[in-house]
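S.K.:
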Amino acid sequence: MKLEKVNKALSEWNYPSQSCSKIPPRDFLVMNKMAIKDKIINPKGQSEYRKSHEVRQLLKEGKKYSQIKLPENQFRYGVPNKPSTPINRIIQQEYANESEKQYLQEYEQKMLKIQQEKREKHWSLPQKAN
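In this note's numbering, the protein residues as written are 563 to 692.
1) Should ALA597 be labelled buried (16 or more other beta-carbon atoms within 10 Å of its own) or exposed?
2) With DSSP as the reference, identify every bridge partner of GLU588, one or two as the case may be.
3) Taking 9 Å as the threshold (C-beta atoms), are ARG638 and GLU616 in contact?
4) Anyone know if the C-beta pair for PRO586 and LEU620 falls short of 9 Å?
5) Looking at the structure shown, is ASN659 part of a helix, part of a strand, or coil, going by DSSP?
6) Let me check understanding here. Comparing Cα to Cα, which of THR647, VAL592 and TYR611 lies closest to ARG618?
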């Protein structure tokens with residue numbers, strides 16, 4: 563029973579139908595502007611002008627049926643695969659060697675800096691006056 567409902571849902575697609583056409587409301591802003599351009603200012607004249615020059619608002623329509631845009635045949639959904647892990651570099655311990663070299667370089671730089679600071683302190687000691 564459930565399978566039949568699923569089959570029906572997948573095979574039949576109900577497109578939304580357009581609603582029956584409504585009579586749009588009158589556009590008083592446009593009619594007032596037109597009356598002013600024709601130099602009709604008094605209320606009685608505007609009332610007569612609106613009866614003779616009826617302007618309706620435009621109804622907003624929904625999106626028109628457009629052509630369905632499908633992705634290319636080569637398009638794949640989902641998360642792309644990660645690049646493969648370079649197993650050779652892991653087995654040969656290249657990553658470990660690189661990190662060890664980097665650590666040693668940082669250590670040497672720190673030691674050089676400490677030695678320079680010691681030299682500067684030695685030469686900068688105040689001398690005794692005779």
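Think of the CB as a built atom: it goes at the ideal place given N, C-alpha and C, for glycine as much as any other residue.
M.R.: Here's the rundown:
1) Position 35 of the sequence shown holds residue 597. The residue is buried, with at least 16 neighbouring Cβ atoms inside 10 Å.
2) Position 26 of the sequence shown, counted from the first residue, corresponds to residue 588. Per the sequence presented here, residue 588 reads as Arg, with Glu not at that position. ARG588 pairs with ARG618.
3) Taking the sequence shown and counting its residues from 1, one reaches residue 616 at position 54. Taking the sequence shown and counting its residues from 1, one reaches residue 638 at position 76. Not in contact: GLU616 and ARG638 (Cβ atoms no closer than 9 Å).
4) The residue labelled residue 586 in the question sits at position 24 within the sequence shown. The residue labelled residue 620 in the question sits at position 58 within the sequence shown. Closer than 9 Å, so yes.
5) Against the sequence shown, residue 659 aligns to sequence position 97. Of the three classes helix, strand and coil, the one that applies to ASN659 here is helix, per DSSP.
6) Taking the first residue of the sequence shown as position 1, residue 618 is located at position 56. Looking at the Cα atoms, VAL592 is the closest of the given residues.
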